[in-house]
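Colleague: So the sequence shown is numbered by our numbering: it starts at 339 and just counts up by one.
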Amino acid sequence: MSNPHRFTAFSELLPLLAVGTIPLLKVEKISQTISMSSLTIENSTTLSSPVATSSFSATAVFEVQSPSRIQVEFKEGTFKPPEIKSKIDLPKNVDIFGQNISLSPLQQSLGPLENVVAGIARNISSMPPLKVPIPGERTKSWLITTYLDSDLRISRGDGGLFVLVKEQSSLLD
């Protein structure tokens, strides 16, 4: 198979990251891309804030051990340069520790800051991704996968349980 299989889990369906509970930070997308031709897996996460969108991923190689089991070894993490937004998009209010706080006074003072942010965005956008090797024995794992149908699968491993839905599936509507 030359086309990679793409599965995804959105934060509304499966809260994999507690980061989504931090005020002004939102989990946009969590996905996994499997390439059978290169025997690699890429787990990716995209986060957004009023100022920027940022993505990071972990890449692993895998070995098929049976029709439902693979051995996985994570090799590197990648941090893409953040995409700085041209306009700071703050909500009117934010809930912090159960208190609703108005951000209107802050919004009024953002004009000069937006010009600085635009300059930073131009510089950062040309930077290459930061690639970091993942060393150590804890990089190895295994997964047993059960395909419930063509769009839904469950993977169990020594690191937990993962429910994944194929991108463009009607289950995500």
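Ideal Cβ positions, reconstructed from N, Cα and C, are used throughout, including at glycine.
Does DSSP classify Leu490 as helix, strand or coil?
Modeller: It is a strand residue.
Colleague: Nearest CA to the CA of Ile426: which residue from Val402, Glu452 and Gly415?
Modeller: Per the Cα distances, Glu452.
Colleague: Near Pro353, what residues of its chain come up, given a Cβ to Cβ distance below 7 Å and the 5 sequence neighbours on each side ignored?
Modeller: With a pLDDT of 45 at Pro353, under the threshold of 50, the modelled position of this residue cannot be trusted; read the value that follows with caution. Taken in chain order, the list of residues that qualify is empty.
Colleague: What residues in its chain sit with their C-beta under 7 Å from that of Asn431, if we drop five residues either side in the sequence?
Modeller: Asn438, Ile439, Ser440 and Leu441, listed in sequence order.
Colleague: Candidates Gly495, Thr378 and Pro419: which alpha carbon is nearest Leu400's?
Modeller: Sequence inspection shows Phe at residue 400; the Leu mentioned does not correspond to that position. Checked all of Gly495, Thr378 and Pro419; the closest Cα to Phe400 is Thr378.
Colleague: Quick one: is Gln370 buried, meaning 16 or more other Cβ sit within 10 Å of its Cβ, or exposed?
Modeller: Looking at its Cβ environment, which holds 16 or more other Cβ atoms inside 10 Å, Gln370 is buried.
Colleague: Quick one: Cα of Pro419 to Cα of Thr383, how far?
Modeller: Whole-angstrom Cα-Cα distance: 13 Å.
Colleague: Could you give the uninterrupted runs of the alpha helix (DSSP H) lying entirely in the stretch 427-504, keeping only those of 4 residues or more?
Modeller: For the stretch 427-504, whole alpha helix (DSSP H) runs of length 4 or above, ordered along the chain, are 442-446 and 449-462.
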